[in-house]
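Structure, as structure tokens:
There are 2 protein chains.
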Amino acid sequence: MVTSTKGDNGESKKKKIDGNKDVDPQLWHAVAGTTVQIPQVNSKIFYFPQGHAEHAYEPVNFPADINIPSKIPCRVAAVHYRADPRTDLVYAKLRLVPLQISQVSIDEDNVAGVDDMSVTKNQYQSYTKTLSESDINKSGGFSCPKKCAETMFPPLDYSDQLPSQDIYLMDVHGEMWKFRHVYATRNILTTGWSDFVTNKQLELGDSLVFVKAANSDLHIGIRRSKKRNDCRFNFPSKRKPETGTLLQPPYGGLSSSLGNERRIGDKVIGIGKVKAEDVIEAVKLGVNMQPFDVVYYPRVGTPEFFVKTSLIRTALQIGWDCGMRFQMAIETDSSKINWLMGTIASVEAADPAWPDSLWRLLQVTWDNPDLVTNTKRLNPWQVETLRYMSSSKELGLPQLPTFPMDGQFSMPYLPNYFQTPKGPIMYLPETSMPYFQQPFNRDDATTLTTVSNNPACRKVPLVRGWSVIPRTNAKKDASEGETVEIENSVSSSKEAA
Amino acid sequence: MVTSTKGDNGESKKKKIDGNKDVDPQLWHAVAGTTVQIPQVNSKIFYFPQGHAEHAYEPVNFPADINIPSKIPCRVAAVHYRADPRTDLVYAKLRLVPLQISQVSIDEDNVAGVDDMSVTKNQYQSYTKTLSESDINKSGGFSCPKKCAETMFPPLDYSDQLPSQDIYLMDVHGEMWKFRHVYATRNILTTGWSDFVTNKQLELGDSLVFVKAANSDLHIGIRRSKKRNDCRFNFPSKRKPETGTLLQPPYGGLSSSLGNERRIGDKVIGIGKVKAEDVIEAVKLGVNMQPFDVVYYPRVGTPEFFVKTSLIRTALQIGWDCGMRFQMAIETDSSKINWLMGTIASVEAADPAWPDSLWRLLQVTWDNPDLVTNTKRLNPWQVETLRYMSSSKELGLPQLPTFPMDGQFSMPYLPNYFQTPKGPIMYLPETSMPYFQQPFNRDDATTLTTVSNNPACRKVPLVRGWSVIPRTNAKKDASEGETVEIENSVSSSKEAA
DNA sequence: TTGTAGGCCTCGCGCCGACAA
DNA sequence: TTGTCGGCGCGAGGCCTACAA
């Protein structure tokens, strides 16, 4: 008997994943995370070359012969929600049309609706779990948290001795995956899980996003661990449709349609990043007022490099200064939202090449520095200033001994802060002057308020002609001085007026 | 205990195979096969665009706006013997410098030596075996023919109950592979074989070439099955240096330096072929008298598209005509040389676009058509005419009932052949006239001899001014009328004067 | 509740003897 | 002599229970 172990088993069923196929926007947002903000079509944004460059997997050397502004006003002409065929990473492709400065100051925010997602946000439920060592190990299955199983999967028949059912999950490409779901003191995905791990090349720290649509269809998305962004990624050589795990239509082929990969040996690096030349090309087109496309992979720690003009206007209304207290929402690996608190250490352009740039203008120190790694500089529109605090406990002072800080910021700023407990609050006069493009020239600026005596923390006025008014739009209490976890069904409401 | 099953095991040891590194010429020829003829540096050849096009993995559409001759005289400026990093296929890269026609007719064959290989040919021994189903099966090892083991491997100690030793074979890239060689009623390679099969992606019908150098170093080469030329090839995703089979230096990375691959899904197609644009580029340069490079993968059934001018001159001395008997040496999968016999069915340009082309000028019928598939047209310099035969048995007549032929050639040509048993024999007058570039115009030609009455087999004179002389350079007897097998240590001597 | 360890079973691989072409 | 089959043993994978954090 000849056993034909070789041969093209299931080969004919293979088909390329279409890398240009759009993903359902709601599914996309669920997988990307609720803090990811993609501007609506026809809204107006600022494009930041510096921010774009942070998404390249290689250093970006901008051409020195052309004058590149720190931000370029654009209209969002198109938005495509997509997913990388190999990594399952979701990304957005935006077509941006540069605007004249005169087009920015008028007619702002007259796009209908606040956020194209907010109206339909409730139709999708999601649950995110970061994979543990045991989940990845070949010896076992996937430990499914009780809440995940209860909210996502159909109910099991617990009268059975070993309740079990088949679960069908569709990935972002539309491929269906079958898992055996058993309940034995806890919920476990067994058969099918190992193939999924192998096929998606899941590693410790990666996250799985279970998404249930309104019609109870189940989807599965992947967020790669932050550590893998700069790391290598195995190029999958072969799917195993013969195991029956991957169901019809079994797209198994690999697309190289993106074409922005770099390799070391047989591993692909630069996952979720773009080519430096793409950034330069975009900037060149933008400078020349030509429409251009940008690709944006959402990733924690690298903010969007396209920001709604209204957001920036709001951020500019604040007189940012050293010692100011703020909070910022970050999404954890398991889709929970942490409100982290910190203090502004300095207000200074991040890159001397763009002395007037707002990009990562704020250098900050965190109350709990171990919760945020490698994020020392923030954009003004990323944070919310804290208006008041009633005691030293809320400032996170009790944590100081547990989380020792750098000597340079250990104590000096605290006395200064209490000298001006409310900080400088400013507003932007209602004028149609195109203030966004005004030069940020320190010598030309007017000194407003001195908050700190710390020599490393010079006061830096943002715009001439601002005055101080009380500010009342702090929305969340930072009670107890520790991070607040919000369930993933609650979205950040940073933009609410 | 945490078992780190994942991780980059042996990753740091990986290194790219240098696709530009030359292979030892003797090893190269042993792997390529003894019938492969690569011209010597500084020899003069004709380059055939038609032949080159046969090596493309896609149809070649030559530009219609330029006049492309059927052959371009060239000097061989450089020869590189190389091996494909992925498939282990050997190939030659030749730099050709186009010549004026006046440079061809004079000073022919005054290159020192006959063949740069012939002088050192005896220093390498080789043995070729085509892989059987059992060799490929995962269940077993490699059945090593007795002769292979005896001539290639060190002798075993047969006093042991289970004689065994480790065999080290170096592939064409310089990678060393270790095999366990045991003798149990026959020679078998066990441990290490399976990994080798997986890594080299060996399939049924592929051939292994064992080569022993003069210093007893062992090498291993691969010839892919003819069937795989147009088929898909798995892109190897991962070597397994951790098994210890692949020894230091363990180049494990995959090179994409050739860059001439085409893919369907995760499989590479066009193995051992080139891009159509490369052919067109070469032809364009050649037409403009610019030096150009060609890549040649030796393959059974696709003759070299660069042919020594002396070979063509010899071939042109024969007045090819229908009904002529010939023999041709072909190398089998296991490096044995078969002398096949056949009859010329017609002499007609293969492609109407090149009516004067010699390329595949001869349409032939084989005595044993099942031994040669898909080879109906041959180049005149590929075959040797048979000068005489003593009985009908030598014509292969007894085989006719066993191998039924098409009705169109079944009988009619036989009586005609016997009418002119010796066929027209011609010679080329010794003249320095540049006859190679003379137009091949049928209307202008002089009729010499009529050999056949078969209407499909019109007499076609090749060159004006030829006359018939006796020809005595038939070197091999086709005794018994069947194919003669010659051991692989014996090379074809077709070129001997 | 959920991460991790381990028992135990299955299956595929791989070595080698048996048999046959 | 050598291709193929099959027994047998080993080890990895995979399912599920036990235990602990």
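Note that the protein sequences, when read in sequence, are chains A and B. Residue numbers for the first sequence follow the UniProt record's numbering, so the first one is 1 and each next one is one higher. Residue numbers for the second sequence follow the UniProt record's numbering, so the first one is 1 and each next one is one higher. Where a beta carbon is used, it is the ideal one built from N, C-alpha and C, also for glycine. Quantities reported herein were computed from a predicted structural model and do not represent experimental measurements.
Just the C-alpha distance for Ser207/A and Leu285/A, rounded to the nearest angstrom, thanks. Take the alpha-carbon of Ser207/A and the one of Leu285/A: they are about 36 Å apart.
Counting only runs that start and end within the region 59 to 115 of chain A, where is the beta strand (DSSP E) found for 3 or more residues in a row? Runs of beta strand (DSSP E) with 3 or more residues, each lying fully within the region 59 to 115 of chain A, are found at 72 to 83 and 90 to 98, listed in chain order.
For the alpha helix (DSSP H) containing Ile136/A, name the first residue and the last one. Per DSSP, Ile136/A belongs to the alpha helix (DSSP H) from Glu133 to Ile136.
Counting only runs of 4+ residues fully inside the region 259 to 333 of chain B, write out the alpha helix (DSSP H) ranges in chain order. Contiguous alpha helix (DSSP H) elements confined to the region 259 to 333 of chain B occur at 276 to 287 and 309 to 316, taking only those with 4 or more residues.
Under a Cβ-count criterion, where at least 16 other Cβ atoms within 10 Å of its own Cβ denotes burial, should Gly272/B be classed as buried or exposed? Flag for Gly272/B reads buried.
What's the C-alpha gap between His29/A and Tyr158/A? Computed Cα separation, rounded: 34 Å.
According to DSSP, is Ala184/A helix, strand or coil? Ala184/A: coil per DSSP, three-state reduction.
Cβ pair count under 8 Å reaching 3, the region 42 to 57 of chain B against the region 286 to 297 of chain B: Three or more Cβ pairs drawn from the region 42 to 57 of chain B and the region 286 to 297 of chain B lie within less than 8 Å of each other, which places the two stretches in contact.
Using DSSP with H/G/I as helix, E/B as strand and the rest coil, what is Leu169/A? Strand, per DSSP.
Are the beta-carbon atoms of Trp193/A and Ile220/A separated by less than 8 Å? Contact flag unset, no.
Beta carbon of Val279/B, beta carbon of His52/B: below 8 Å? Taking the C-beta atoms as reference points, His52/B is found nearer than 8 Å to Val279/B.
DSSP three-state assignment for Ala30/B, whether helix, strand or coil: Per DSSP, reduced to three states, the secondary structure at Ala30/B is helical.
Rounded to the nearest angstrom, what separates Trp366/A and Val274/B at their Cα positions? Going by the C-alpha atoms only, they are around 59 Å apart.
Under the rule that 16 or more other beta-carbon atoms within 10 Å means buried, what is Thr185/B, buried or exposed? With fewer than 16 Cβ atoms within 10 Å of its Cβ, Thr185/B is classed as exposed.
Which residues mark the beginning and the end of the beta strand (DSSP E) in which residue 499/A is found? There is simply no residue 499/A to check, as chain A begins at 1 and stops at 497 in what is shown.
Is the beta carbon of Phe326/A sitting closer than 8 Å to the one on Val383/A? The answer is yes: Cβ separation under 8 Å.
Residue nearest to Phe179/A in terms of C-alpha spacing, selected from Asp171/A, Met170/A, Val172/A and Leu189/A: With distances taken between Cα atoms, Phe179/A lies closest to Leu189/A.
Write down the C-beta distance between His55/B and Thr302/B rounded to the nearest angstrom, noting that I regard them as a contact closer than 8 Å. Confirmed, Cβ separation roughly 6 Å.
Would you check if the distance between the CB atom of Leu94/B and the CB atom of Arg75/B is smaller than 8 Å? No.
Report the partner residues of Ala56/B according to the DSSP bridge assignment. Bridge partners of Ala56/B: Val274/B.
Would you mind stating whether Met152/A and Lys212/A have Cβ atoms separated by less than 8 Å? Closer than 8 Å, so yes.
CB residue 562/B to CB Arg224/B, shorter than 8 Å? Because chain B in this structure spans residues 1 to 497, residue 562/B falls outside the shown range and cannot be described.
Identify whether Ala353/B lies in helix, strand or coil by the three-state DSSP scheme. Here Ala353/B carries a coil assignment [DSSP, helix/strand/coil].
For Phe142/B, collect the residues of the same chain with a Cβ closer than 7 Å to its Cβ; drop the 5 residues on either side in sequence, then sort them by chain order. Asp135, Ile188, Leu189 and Trp193.
Do you know offhand how far Glu150/A's Cα is from Arg360/A's? Approximately 42 Å between the Cα atoms of the pair.
Smallest Cα separation from Ser126/A: which of Asp217/A, Gly174/A and Thr198/A? Comparing Cα positions, the closest option is Asp217/A.
Reduced DSSP secondary structure (H/G/I, E/B, other) of Ala149/A: Under the three-state reduction of DSSP output, Ala149/A falls in the helix class.
Assuming residue 503/A contacts Leu362/A under a Cβ cut-off of 8 Å, what Cβ separation, rounded to an integer in Å, is found between them? Because chain A is modelled from 1 through 497, residue 503/A falls outside the range shown and cannot be assessed.
Strand pairing of Gln125/A, partner residues [DSSP]: Residue pairing for Gln125/A: DSSP places it in a beta bridge opposite Lys212/A.
Thinking C-alpha only, which one of Asn338/A, Glu304/A and Val347/A is nearest Ile38/A? The candidate whose alpha carbon is nearest that of Ile38/A is Glu304/A.
Let me make sure I understand the geometry here. Which of Phe306/A, Arg299/A, Ile167/A and Gln165/A has the alpha-carbon closest to that of Lys71/A? Ranking Phe306/A, Arg299/A, Ile167/A and Gln165/A by CA distance to the CA of Lys71/A puts Phe306/A first.
Can you give me the Cβ contacts of Ile68/B inside the same chain, cut-off strictly under 7 Å, excluding the 5 residues immediately before and after it? The answer, listed in chain order, is Pro49, Phe62, Val283 and Val287.
Taking the alpha carbon of Val36/B as the reference point, which residue from Ile344/B, Arg299/B and Met324/B has its own alpha carbon closest? Residue Arg299/B is the option with its Cα nearest to Val36/B.
Please return the same chain residues whose Cβ sits closer than 7 Å to the Cβ of Thr332/B, not counting the five positions on each side in sequence. Asn338.
Give the DSSP-derived three-state secondary structure of Gly51/A in the structure shown. Gly51/A falls in the helix class under three-state DSSP.
Would you give the residue range spanned by the beta strand (DSSP E) that Asn338/A belongs to? Per DSSP, the continuous beta strand (DSSP E) segment holding Asn338/A begins and ends at Ile337 to Val347.
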